[in-house]
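Its first residue numbered 798, the sequence shown is counted upward by one per residue in the numbering used here. By construction, the Cβ of each residue, glycine as well, lies at the ideal position given by its N, Cα and C atoms. Computed from a predicted structure; not experimentally measured. Below: one structure, written as structure tokens.
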Amino acid sequence: MALIVQKYGGTSVANPERIRNVARRVARYKALGHQVVVVVSAMSGETNRLLALAREVMSDPDPRELDTMVSTGEQVTIALTAMALMEMGIRAKSYTGAQVRILTDDAFTKARILGIDEENIRKDLDAGFVVVVAGFQGVDEHGNITTLGRGGSDTTGVALAAALKADECQIYTDVDGVYTTDPRIVPEARRLTTITFEEMLELASQGSKVLQIRAVEFAGKYQVKLRVLSSFEEEGDGTLITFEEEENMEQPIISGIAFNRDEAKVTVLGVPDRPGIAYQILGPIADANIDVDMIIQNTGADGTTDFTFTVHKNELNKALAILRDKVQAHIGAREITGDEKIAKVAVVGVGMRSHVGIASEMFRTLAEEGINIQMISTSEIKISVVVDEKYLELAVRVLHKAFGLEQAG
Ligand code: ADP
Ligand code: ASP
Ligand code: MG
């Protein structure tokens, strides 16, 4: 007997028939004698619908109220899933994040899980129930409902698997595994049977939506056995996230290409080039809990510098307001600009560690298509660039081809 956590994304619970399909799969695992915890997302499109509704009433919706509202999507699907299971004669019980007590911090709309009270779930499992938990949501220490950021149901699934010391966490979605890049953009993309944890972490952090980055972080921290599978296929092993690099296998240099349309660029122009400037610019941004991704600084001949960084598009206006109100006059910057029309593309692979020339191959490929690179950031296992968003799909396609990632045949 194993304890398995199965997470189903929005398209997998999009309507009653699909929810019944989820229940059928759960029933099969139950019949084999396993204990099953099911985590579900809201029906596909529902979270977007709720967010749009909020914006019709308040231009910049209050984050606490937004979380109270947007978490209702998952409250619907947990009850429907439990009902579908009951209809098949399986005892099932649903829980919201607050009912479980998935304790988070109070960073509304992007809260982090601090702890999970798993005792009641364990009791229910031991009593023979299938436990259905709402993804994406938690509760802070004051009882406020919080949400974990877009795609956060993945994180609920993996965090529950960690808390329950589950034998496996299965992420069921609308693709049958992790591909060399998003198969919607490059139909020739190839499914990977395994991917190392490090690469998955990097792909997720660079924007591959197939797994939320925090889910991958949890899997790494607690060594959760994590697999991505299709909810629309009966068979198939999906993609297993591995924690050790396979020694005997020829490791490809590049394993995948990720991209991200969600970032915006902030540039602080004409800043005096002196110690403390980066701190004066980024300190107030960090204090406002705005995540910064790429950063570059260039010093010109006249002793001033331009300072550029990227933030999530949702936080661009907030970042600009902070800089214009609190920082610009203070540091004597000439101008502060924002640009939303950017996209980030990254090539990822642990094989890069032992190979030189990947960056130049990447830059040559983009140059041949006339794609201008606006920012570059590298680590041991990734190279990412910011380009004009209109070139995003082209960039992904040509890089996928240049690095030989297509399916054989
Ligand atoms: P769910 O609602 O099940 O969580 P998501 O839409 O969040 O599903 O994630 C699955 C989607 O991720 C796929 O439909 C695919 O378009 C996208 N995706 C992006 N990068 C990849 C990749 N490297 N491999 C597989 N899918 C990817
Ligand atoms: N329903 C949430 C979203 O659309 C969480 C998730 O699907 O993982 O982002
Ligand atoms: Mg998702």
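In its own chain, which residues sit with a C-beta less than 7 Å from the C-beta of residue i, not counting the 5 before and 5 after it?
| i | result |
| --- | --- |
| R861 | F905 and N941 |
| A1116 | V1063, I1082, I1087 and V1108 |
| S1002 | I1010 |
| A1061 | T1107, V1108, K1110, L1113, G1135, D1136, E1137 and I1139 |
| P984 | none |
| L957 | V802, V834, V836, I913 and V930 |
| M1091 | F1106, T1107, M1172, S1174 and V1183 |
| G935 | G894, I899, L900, T901, A908, I910, T943 and L945 |
Just the C-alpha distance for residue i and residue j, rounded to the nearest angstrom, thanks.
| i | j | result |
| --- | --- | --- |
| M840 | R1161 | 43 Å |
| V1142 | L1196 | 9 Å |
| V930 | V897 | 8 Å |
| A851 | E1137 | 22 Å |
| A1098 | V1184 | 26 Å |
| L1202 | I1051 | 8 Å |
| R817 | L877 | 9 Å |
| M883 | S1151 | 54 Å |
| L848 | D857 | 11 Å |
| R821 | N845 | 28 Å |
| E915 | G925 | 16 Å |
| P980 | Q1204 | 11 Å |
| V1089 | I887 | 46 Å |
| T874 | I1093 | 44 Å |
| F1104 | D1059 | 20 Å |
| E1032 | V819 | 14 Å |
| R1121 | Q967 | 46 Å |
| I1168 | A879 | 50 Å |
Cβ atoms of residue j and residue i: under 8 Å apart, would you say?
| i | j | result |
| --- | --- | --- |
| L998 | E1014 | yes |
| D921 | V928 | yes |
| S910 | I918 | Reading off the sequence shown, one finds Ile at residue 910, where the question assumed Ser. No, the Cβ-Cβ distance between I910 and I918 is not below 8 Å. |
| S1028 | G932 | no |
| V1068 | I1128 | yes |
| A1140 | F1056 | yes |
| V1021 | L1008 | no |
| E853 | G870 | no |
| V955 | A1016 | yes |
| Y969 | S809 | yes |
| A1130 | L1066 | yes |
| A799 | E965 | yes |
| E1166 | L1191 | yes |
| A824 | M866 | no |
| G1053 | K1006 | no |
| A986 | T978 | yes |
| Q872 | T893 | yes |
For residue i, count neighbouring C-beta atoms within 10 Å of its own C-beta (all shown protein chains included) and say buried if the count is 16 or more, exposed if not.
| i | result |
| --- | --- |
| K890 | buried |
| E1030 | exposed |
| A881 | buried |
| Y805 | buried |
| N1095 | exposed |
| K907 | buried |
| F1040 | exposed |
| V1193 | buried |
| D923 | exposed |
| A1164 | exposed |
| M1149 | buried |
| M1159 | buried |
| L815 | Going by the sequence as given, residue 815 is Arg instead of Leu. Classification of R815: buried, given that the 10 Å Cβ count is 16 or more. |
| G807 | buried |
| E995 | buried |
| G1073 | exposed |
| A1085 | exposed |
Enumerate in chain order the residues of its own chain whose CB-to-CB distance from residue i is below 8 Å, with the five nearest sequence positions on each side excluded.
| i | result |
| --- | --- |
| G1100 | P1069 and D1070 |
| P813 | L877 and A881 |
| D903 | D937, E938, H939, N941 and T943 |
Could you check whether the Cβ of residue i sits closer than 7 Å to any heavy atom belonging to ligand 4?
| i | result |
| --- | --- |
| D951 | The model on display carries ligand 1, ligand 2 and ligand 3 but not ligand 4. |
Which residues in the same chain as residue i place their Cβ atom closer than 6 Å to its Cβ, once the five residues preceding and following it in sequence are excluded?
| i | result |
| --- | --- |
| G1154 | none |
| K1123 | P1081 |
| A1012 | D951, T952 and V955 |
| T991 | L1037 and T1039 |
Shorter than 8 Å from the beta carbon of residue i to some beta carbon of chain B?
| i | result |
| --- | --- |
| G842 | No chain B is present in this structure, which holds just one protein chain. |
**Message:** Within 8 Å, do at least three Cβ pairs link the region 1031-1043 to the region 963-981?
**Reply:** yes
**Asked** Taking one C-beta from the region 822-829 and one from the region 939-958 each time, how about it: are there three or more such pairs within less than 8 Å?
**Response** no
**Asked** On the three-pair Cβ rule with 8 Å, is the region 1143-1158 touching the region 1171-1179?
**Response** At 8 Å Cβ cutoff, the stretches touch.
**Message:** Measuring CB atoms only, is the region 856-872 touching the region 957-969, in the sense that at least three cross pairs come out at less than 8 Å?
**Reply:** The region 856-872 and the region 957-969 do not touch, with fewer than 3 CB-CB distances between them shorter than 8 Å.
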